[in-house]
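Trainee: Going by the numbering used here, the first residue of the sequence shown is number 106, and it counts up by one from there.
Glycine is no exception: its CB is placed at the ideal position from the N, C-alpha and C atoms.
Before anything else, here's the structure in question.
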Amino acid sequence: MTLEFTDTPSGMLEFGAEGRLGTRFRLYPQTPDLDDPEEPETVYVSSPAGTISEGPADDRMYTVFPIDKPTHYGLHDESNGEPVLFLPPWNNDIFIPAQPGADGHFDHFEPDTPEFFMAHMFGATRFTLDIWEGYFGRQIDWHFRDDYDRLEISIIPKVDNAFLGWGFLEAGGMESEGKYSPFFLNFDIIAHEVGHAIVYSEIGMPSAHDEEPEYFGFQESMADVVALLASLHFESVMTSLLNNTSGNLYTYNKLSRFAEMSDNNQIRLAANDRVMSEFVDGWDDEHKLAQPLTGAMFDILVDLFHEHLLELGLIPPEMEEMSDRLEGDPAYSSILQDDFDKFYALNPEGFKRAMETARDQLGTLVADAIPMFGRRQISFAEFGKALEEADQELTGGQNYKIIHRNFLIREIGRFDPGPRLKKPDKHSHSLTDRTISPRDLE
Ligand SMILES: [Zn+2]
106 MTLEFTDTPS GMLEFGAEGR LGTRFRLYPQ TPDLDDPEEP ETVYVSSPAG TISEGPADDR
166 MYTVFPIDKP THYGLHDESN GEPVLFLPPW NNDIFIPAQP GADGHFDHFE PDTPEFFMAH
226 MFGATRFTLD IWEGYFGRQI DWHFRDDYDR LEISIIPKVD NAFLGWGFLE AGGMESEGKY
286 SPFFLNFDII AHEVGHAIVY SEIGMPSAHD EEPEYFGFQE SMADVVALLA SLHFESVMTS
346 LLNNTSGNLY TYNKLSRFAE MSDNNQIRLA ANDRVMSEFV DGWDDEHKLA QPLTGAMFDI
406 LVDLFHEHLL ELGLIPPEME EMSDRLEGDP AYSSILQDDF DKFYALNPEG FKRAMETARD
466 QLGTLVADAI PMFGRRQISF AEFGKALEEA DQELTGGQNY KIIHRNFLIR EIGRFDPGPR
526 LKKPDKHSHS LTDRTISPRD LE
């Protein structure tokens with residue numbers, strides 16, 4: 106079943122030719138402040154209403170909220186020091202699974218209930234997978250499918266981390282400034298982990314790539330891009346980004362005013378000004394090494410968006426020249442901002458459509474490039490070439506300049522990262538509990 110989806114005026118994804126709306130879930134695009142939570146946003150996932158059973162569960166994933174689970178899945182030392190691999194299924198006590206409503210939907214739970222937590226983790230995972238299976242135009246198989254048909258989605262509040270590993274996606278939360286921040290209510294974090302599953306499935310596991318330092322940076326960057334584009338399917342995220350900037354993402358980018366762009370962590374993370382020469386002497390955290398590539402991807406999204414604004418006649422060509430001139434002189438930014446405020450106010454819906462088109466164009470380019478890229482030497486520069494080839498096939502190379510220029514600006518292909526300077530720790534998303542499989546212990 107290939108998933109075709111379109112964004113409807115209500116911001117809901119419609120699935121399949123007949124526009125079936127699927128099953129409703131309420132999700133938080135951002136971790137809610139538990140003291141004063143905003144309203145979660147209602148979205149649809151592809152499974153027709155009535156086909157998702159208690160858990161929630163369907164043919165690809167099921168959700169459990171274990172009671173008194175001793176620790177998270179992964180590699181642990183037994184009392185005798187022997188390593189033991191703790192993996193699904195959890196067959197012990199669990200909280201009562203979230204039940205579908207009479208209409209088959211899962212949008213009827215109060216936000217502070219275990220059922221809401223379970224529905225939120227399942228809904229966020231399914232929503233992200235739907236979006237990216239739409240971009241790939243096919244089902245994305247689990248990388249652990251030899252051992253498990255389905256992903257076990259699990260909530261473990263006492264663990265201050267979130268993991269996607271061999272057969273499981275597990276999320277906890279952390280105390281910060283006396284407040285508990287639940288990762289299982291954070292769409293970004295769940296979508297990021299689903300991003301890792303997509304890369305493991307399409308490119309392969311770290312063990313097969315451990316000689317390629319950029320593999321780890323690529324993993325993190327693509328996990329961020331997966332979360333970024335999925336986040337932009339939330340009405341609230343898209344609207345706040347455009348309302349905050351009037352679409353003048355360029356200036357905010359150029360002037361590194363990232364924080365003002367959006368209160369969405371993913372956007373703030375992607376909009377960065379890191380370059381490869383910062384890593385020639387080595388790196389210690391793959392999340393940082395990823396930033397020049399993620400930044401290039403965000404800049405490509407901004408340029409594609411501008412192209413669509415021009416094509417749709419929503420901004421005059423002079424503004425484009427002004428942006429280029431802004432390159433050297435911040436003084437232009439206020440003039441440019443006034444113009445963007447004026448044109449955005451004239452047609453906010455048009456700006457939104459232009460951003461949705463750019464979002465889906467980049468999603469499709471990434472989905473086409475990854476399989477091509479998987480058969481080559483894993484490097485940021487090779488991925489850039491794969492994107493250019495995917496664009497050549499999709500548009501006859503219309504966006505070659507945009508892709509090429511934004512990779513060059515980040516010095517990708519000019520400077521290679523030096524060695525890993527520090528052994529990966531528990532915050533590393535590779536070579537840890539996330540990537541170990543039973544075969545690694547044979
Ligand atoms: Zn990660």
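So, at 7 Å on beta carbons, what are the nonlocal neighbours of residue 420 in its own chain, with the 5 sequence-adjacent residues on each side left out?
Mentor: Around residue 420: 414, 448.
Trainee: Check whether the Cβ of residue 257 sits closer than 7 Å to any heavy atom of ligand 1, and report yes or no.
Mentor: It does not: the Cβ of residue 257 is nowhere closer than 7 Å to a heavy atom of ligand 1.
Trainee: Check whether the Cβ atoms of residue 417 and residue 455 lie closer than 8 Å to each other.
Mentor: Yes, they are a contact pair.
Trainee: Residue 260 to residue 201, Cα distance in whole Å?
Mentor: One C-alpha to the other measures close to 13 Å.
Trainee: Considering residue 352, what are the terminal residues of the alpha helix (DSSP H) in which it resides?
Mentor: Note, residue 352: premise wrong, no alpha helix (DSSP H); not H, not E.
Trainee: Is residue 272 helix, strand or coil by DSSP?
Mentor: It is coil, neither helix nor strand.
Trainee: Tell me residue 287's beta-bridge partners as DSSP assigns them.
Mentor: DSSP output for residue 287 lists 278 as bridge partner(s).
Trainee: Quick check on this structure: which residue in 426, 338, 457 has the alpha carbon closest to the alpha carbon of residue 147?
Mentor: Checked all of 426, 338, 457; the closest Cα to residue 147 is 338.
Trainee: Taking 8 Å as the limit between beta carbons, can you name the residues of its chain near residue 382, skipping five residues before and five after?
Mentor: Around residue 382: 516, 519, 520.
Trainee: Between the alpha carbons of residue 301 and residue 506, how many angstroms are there, rounded?
Mentor: If I take the Cα positions, the gap works out to 29 Å.
Trainee: What would DSSP say about residue 477, mapped onto helix, strand or coil?
Mentor: Residue 477 falls in the helix class under three-state DSSP.
Trainee: According to DSSP, is residue 524 helix, strand or coil?
Mentor: Coil.
Trainee: For residue 454, verify whether its CB is less than 7 Å away from any heavy atom of ligand 1.
Mentor: The answer is no for residue 454.
Trainee: Can residue 222 and residue 128 be called in contact, C-beta distance under 8 Å?
Mentor: Cβ distance not < 8 Å, so residue 222 and residue 128 don't count as in contact.
Trainee: Candidates 166, 176, 208: which alpha carbon is nearest residue 245's?
Mentor: Comparing Cα positions, the closest option is 166.
Trainee: Within 7 Å: the Cβ of residue 325 and any heavy atom of ligand 1?
Mentor: Answer for residue 325: yes, Cβ within range of ligand 1.
Trainee: I need the straight-line Cα distance from residue 538 to residue 189, nearest angstrom please.
Mentor: When rounded, the distance between both Cα atoms is 11 Å.
Trainee: Can you check whether the CB of residue 460 is closer than 8 Å to the CB of residue 290?
Mentor: Not a contact, by the Cβ cut-off of 8 Å.
Trainee: Taking C-alpha atoms, which residue in 320, 237, 249 lies nearest to residue 524?
Mentor: When only C-alpha atoms are compared, the closest one is 320.
Trainee: For ligand 1, is there a heavy atom less than 7 Å away from the beta-carbon of residue 248?
Mentor: Checking the Cβ of residue 248 against ligand 1 gives no.
Trainee: For residue 328 versus residue 297, is the C-beta spacing smaller than 8 Å?
Mentor: It is a contact, given that the beta carbons lie within the stated cut-off.
Trainee: Can you name the start and end residues of the alpha helix (DSSP H) that residue 331 belongs to?
Mentor: Residue 331 -> alpha helix (DSSP H) spans 318–336.
Trainee: Output yes or no for whether 8 Å exceeds the beta carbon distance between residue 497 and residue 409.
Mentor: Going by C-beta atoms, residue 497 is not nearer than 8 Å to residue 409.
Trainee: Run through DSSP, which three-state label would residue 182 get?
Mentor: It is a strand residue.
Trainee: For the pair the region 145–159 and the region 240–256, tell me if three or more CB-CB distances fall below 8 Å.
Mentor: Taking 8 Å as the limit for Cβ pairs, the verdict is that the region 240–256 does not touch the region 145–159.
Trainee: Could you give the residue range of the alpha helix (DSSP H) that holds residue 381?
Mentor: First-last for residue 381: undefined, no H or E at that position.
Trainee: Report, in whole angstroms, the separation of the C-beta atoms of residue 232 and residue 335, which I expect to be a contact under 8 Å.
Mentor: Right, their Cβ atoms sit about 7 Å apart.
Trainee: List the endpoints of the continuous alpha helix (DSSP H) containing residue 192.
Mentor: Residue 192 -> no alpha helix (DSSP H), and no H or E assigned at all.
Trainee: On the DSSP bridge list, what partners appear for residue 257?
Mentor: Per DSSP, 167, 273.
Trainee: Does residue 542 come out as helix, strand or coil in the three-state DSSP assignment?
Mentor: The answer is coil: DSSP assigns residue 542 none of H, G, I, E or B.
Trainee: Compute the Euclidean distance between the alpha carbons of residue 489 and residue 509, then round it to the nearest angstrom.
Mentor: Each residue's Cα considered, the two are about 7 Å apart.
Trainee: Compute the Euclidean distance between the alpha carbons of residue 205 and residue 411, then round it to the nearest angstrom.
Mentor: Going by the C-alpha atoms only, they are around 42 Å apart.
Trainee: Could you tell me the distance, in whole angstroms, from the CA atom of residue 278 to the CA atom of residue 501?
Mentor: Residue 278 and residue 501: Cα-Cα distance of roughly 46 Å.
Trainee: State the beta-bridge partners of residue 130 as determined by DSSP.
Mentor: According to DSSP, which records beta bridges pairwise, residue 130 is partnered with 148, 211.
Trainee: Could you pull out every residue in the same chain whose Cβ sits closer than 6 Å to the Cβ of residue 115, ignoring the five residues on either side in sequence?
Mentor: Per-residue confidence for residue 115 stands at a pLDDT of 42, beneath the threshold of 50, marking its modelled position as unreliable; the derived number appears in the next sentence. Taken in chain order, the list of residues that qualify is empty.
Trainee: Whose C-beta lies closer than 7 Å to the C-beta of residue 492 among residues of the same chain, with five residues either side of it excluded?
Mentor: So the list reads 470, 474, 508, once near-sequence residues are dropped.
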